[in-house]
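This report refers to the structure that appears directly beneath it.
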Amino acid sequence: MNLAVLLTHIKKIPQYEEILKLINDLQFDSGHSITLDIPQAARPFVLSSLGSDLNRPLLILTSNENRSDTFYNQGKKWNIDRKIYNFLDTNSTFYERSSREKERIHNRIETLSHLINVQNNSNIDVISHASALMTPTLPKPIFNQYTIQLSVGDHIKLNKVIKNCIDSGYQPNTIVTTPGEISRRGGIIDIWPPTASHPTRIELFGELIDSMRTFEPSTQLSVKNVNSIDIHPTRETIASTNQSITSLLKTQWQQLDDHNPRNTSHLDDIELLKTGTIFPELEYYTKWIHPDANTLLDYISKKTIVIIDNWQDFLLTINKLEQRALILRDELISKKLLPSDAPIPYASWSELQDQLSTQTVIMLSGSDKETVCDLGSSFQPSKPHGGHLKSVMNLLETNMISEIHTVVISRQSIRLHNLWNIHSKNQEDSNKTNGNSVKLTNSYSPIFVQGTLEAGFSIIPCSIQILSDAEIFGWSPPEPRKITSKSKTHNTDEIIFDFKPGDTVVHLEHGIGRFVDLVERNINNVSKEYLHIEYAKGDTLYVPITQTDRLTRYIGPDRKVPNLSYLGGSEWTKSREKTRVAVEEIAMELLDLYAKREIVTGYAFSKDSPWQIELESSFPYTETDDQHSALTAIKKDMEKPIPMDRLICGDVGYGKTEVALRAAFKAVLDQKQVAVLVPTTVLAQQHYHTFQQRMETFPIQIEMLSRFQGPVKQRKIINDISNGKIDIVIGTHRIVQSDVNFHDIGLLIVDEEQRFG
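Here is the structure:
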């Protein structure tokens, strides 16, 4: 969606011209700061225009990641000609020894690399927030030192290049499948810099780079030839083999309790550092290895304008983060889990202030400085309509009469069509954009655009009003979700179990016991924690806390407390063997069943249609990763010519109904009927209302069949089911009785399947 054409109208606002003149009069490195008052909803719009009109890069700082995401997503729509980057934090707590999220580190590296590469380019905006700004990163000279540019025709020392890459964080692998990996096969190097969308294959003839081409990681097939590649570091800390650094670290941590497993982990890390080995928790030691570690502010140019959104909130967030870090530091030092002279692992507010003092800073409200320019009178929030389309239509007609341009932005093209159809009955000259760009015409007829916007607003001097889903329907659809892979690395400092004293537990080898308590035992002058498990006849087993994966809570068919097992006895072994045989029998039955299902030819549903996309877009929340995975698997199965059998498992409120609803919708779009079987009439009523509400804008007939209906109503519904007039029927066991015959059923959904036996 391109809203850039609307930016041209901002110059009709007198105060905006004053802002441009005021900022242009300031010197790049003057350290001047000014305060502007811009309404919240209009800030992405105004700032997108500022960067272009001033021909200077922008750094927009917010108090939290949600707010920076808003600026990032909206900024891409208002101005497609500028490069926009969202600089994230590492999603970790200061003083916490844990692995940083790989995707977030790569995001930070990518942003920094672009800032270095385009120092003289004014066409760049970076969005970030307080936590990300405080988190240290590689000193700029070291970042440059470990950055390599290779071109076809270059002569290189292969071993030296590979060593440089591994030192800067690249993981050697047989084949390259994810960013941050490198592979060598003779004179061929495969490498995937975190700044690149595809990995690159470099072929050498001796020491000469003969060719380069990107390739698809899933198939390893070539995509296109390239002439050069920039190889940037893939971690924000370089594993140092400097003896003075590792010696200092070892001395500091050895002064603590070396019998504590957490401190032992640090000593193990130091041994890895000595050899230059990369490990998941490496960034924890950034300020030890790089005492002069930089922040994002060290990478921006002097001509960059720093804009701080909601100044007081931004300052308060930084102060809170500092206070929490100081409290945690004191606690860890008192418990001898952190050296008393450990460096502070973040940039303090005083340090950030010193850096900001050399930049031009614009504060958006909340500052104690006097506001030099107020744009509040030029913008006005759009009035909410809460789904009352008649009220929306009245507004559109009023705006036309008053010669006000109206731009209606909605991600729901079905609802957008409804607005269009309703309005066209009264005004045939209304406009609906065929593409994603907006273009105002000489008439004042409303323009309908498919897209998303956080909130609408009016630009009063320009006679323009923008309406979004937030005003029209009462909610804003989420931005398309960003799919990220979950980190497989666990924090070895944190071992979690949820047993309470007295709980019945099951040990993999020793059987059923009773958890007594967590105890500390000293063996060979080494103190460690154990789980005390009691067995029959008072026998005792101490399970090391590092082996909690061998224990599970006992779950039985009723609340009766089971007999405890005998340590060293054969009873538990016999029980396991009986269970194994029974499980094998069930497995064989299932294998036979599913083999028969594979032979039977089913109906292959069509790929997702525009209506399917519209329904899913209308979901007023961002689906979870688990929901997305489940939906992807279900759709893939439905599109195969094999009968599908899927179990969706999740607790109350985890979004199972939405998954089922989308699958049902997909089936109906292929002219198939859907039956939703539920155990109670109350649940049937709930699902009926949910399905009706989510599909109200689509021509789908949904009915409920249960004892809530009288005999006459039931007969009519049953007749409509057999004639194919009902698309989705929701009901109790009534829908599976012999008098109910479906015209062409394509999907059966059983809710709370375990209650049907």
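Counting from 1 along the sequence shown, just add 398 to a position and that's the residue number in this note's numbering.
Ideal placement from N, C-alpha and C gives every residue a C-beta, glycine not left out.
Fair warning: this is a prediction, and the values are worked out from it, not measured in the lab.
Range covered by the beta strand (DSSP E) that runs through residue i
i: F1096; result: Note, F1096: premise wrong, no beta strand (DSSP E); not H, not E.
i: P942; result: 938-942
i: A871; result: The identity of residue 871 in the sequence shown is Phe, whereas the question assumes Ala. Taken as a continuous stretch (DSSP letters only), F871 belongs to no beta strand (DSSP E), as it is neither H nor E.
i: Q848; result: 845-848
i: E601; result: 598-603
i: I1158; result: Not covered by the structure: residue 1158. The range shown for the chain is 399 to 1155.
i: A1073; result: 1071-1075
i: T950; result: 949-951
i: L906; result: From DSSP, L906 is part of no beta strand (DSSP E); its letter is neither H nor E.
i: L434; result: 431-435
i: L1188; result: With the chain represented from 399 up to 1155, any question about residue 1188 goes unanswered, as that position is not in the structure.
i: V1057; result: Careful: V1057 lies outside any beta strand (DSSP E), inside the alpha helix (DSSP H) at 1054-1067.
i: P779; result: 777-779
i: E1037; result: That residue, E1037, is in no beta strand (DSSP E); it is neither H nor E in DSSP.
i: I1046; result: No beta strand (DSSP E) contains I1046, which DSSP labels as neither H nor E.
Neighbourhood of residue i by C-beta, 6 Å cutoff - its chain only, sequence neighbours within 5 removed
i: L1146; result: A1073
i: F1063; result: L1013
i: Y1086; result: M1102, I1128
i: E463; result: H527
Contact check, residue i vs residue j, beta carbons under 8 Å
i: L735; j: N658; result: yes
i: K1038; j: D1142; result: no
i: T1078; j: T1130; result: yes
i: I864; j: I807; result: yes
i: G774; j: G872; result: no
i: T535; j: A723; result: no
i: L1059; j: F1096; result: no
i: S968; j: A934; result: no
i: I636; j: L548; result: no
i: Y544; j: S529; result: no
i: Q472; j: E852; result: yes
i: V917; j: H908; result: no
i: L647; j: I629; result: no
i: D1068; j: G1122; result: no
i: Q641; j: I573; result: no
i: V704; j: Q757; result: yes
i: D1125; j: Q1099; result: yes
i: E416; j: C860; result: no
Helix, strand or coil at residue i [DSSP, three-state]
i: A1002; result: coil
i: G911; result: strand
i: C860; result: helix
i: G1144; result: strand
i: T1022; result: coil
i: F855; result: strand
i: V1134; result: helix
i: K409; result: helix
Delimiting residues of the alpha helix (DSSP H) encompassing residue i
i: I1116; result: 1109-1120
i: G449; result: 441-452
i: P1008; result: 1008-1015
i: T971; result: 969-997
i: D479; result: From DSSP, D479 is part of no alpha helix (DSSP H); its letter is neither H nor E.
i: Q1166; result: Any question about residue 1166 goes unanswered here, given that the chain covers just 399 to 1155.
i: T460; result: Not the alpha helix (DSSP H): T460 falls in the beta strand (DSSP E), residues 456-460.
i: L793; result: 787-799
Nonlocal neighbours in the same chain, by C-beta distance under 7 Å from residue i, ignoring five residues either side
i: P1041; result: R995, V998, G1000
i: A440; result: F777, F855
i: E932; result: G911, R912, V914, T938
i: S466; result: T460, N484, I525, S526, H527
i: R739; result: It is Asp, not Arg, that sits at residue 739 in the sequence shown. Closer than 7 Å at the Cβ level, and outside the excluded window around D739, lie Q650.
Contact set for residue i: own chain, Cβ-Cβ below 8 Å, skip 5 residues either direction
i: P741; result: K685, W686, P689
i: Q652; result: L665
i: Y952; result: D901, T902, V903, V904, I910, P960
i: Y744; result: F492, M532, T533, P534, L719, E720, A723
i: K474; result: I482
i: K886; result: Bear in mind that a pLDDT of 38 at K886, under 50, signals an unreliable position, so the number given afterwards is only what the model happens to contain. If we look at K886 and ignore the five residues flanking it on each side, it has no Cβ neighbours.
i: R502; result: L486, D487, T488, N489
i: K781; result: L793, E869
Contact with chain C by residue i, beta-carbon distance below 8 Å
i: G578; result: Considering every chain present, this structure includes no chain C. It has just one protein chain.
Curious, which full-length beta strand (DSSP E) runs of at least 3 residues does the region 620-680 contain?
620-623, 626-629
Hey, which unbroken runs of the beta strand (DSSP E) at 3 residues or more fall wholly within the region 516-577?
522-527, 546-549
What ranges does the alpha helix (DSSP H) occupy inside the region 731-768, keeping only unbroken runs of at least 4 residues that lie completely in it?
747-754
Just list the alpha helix (DSSP H) runs in the region 671-730, keeping only unbroken ones of 4 residues or longer that don't cross its boundaries, in chain order.
684-687
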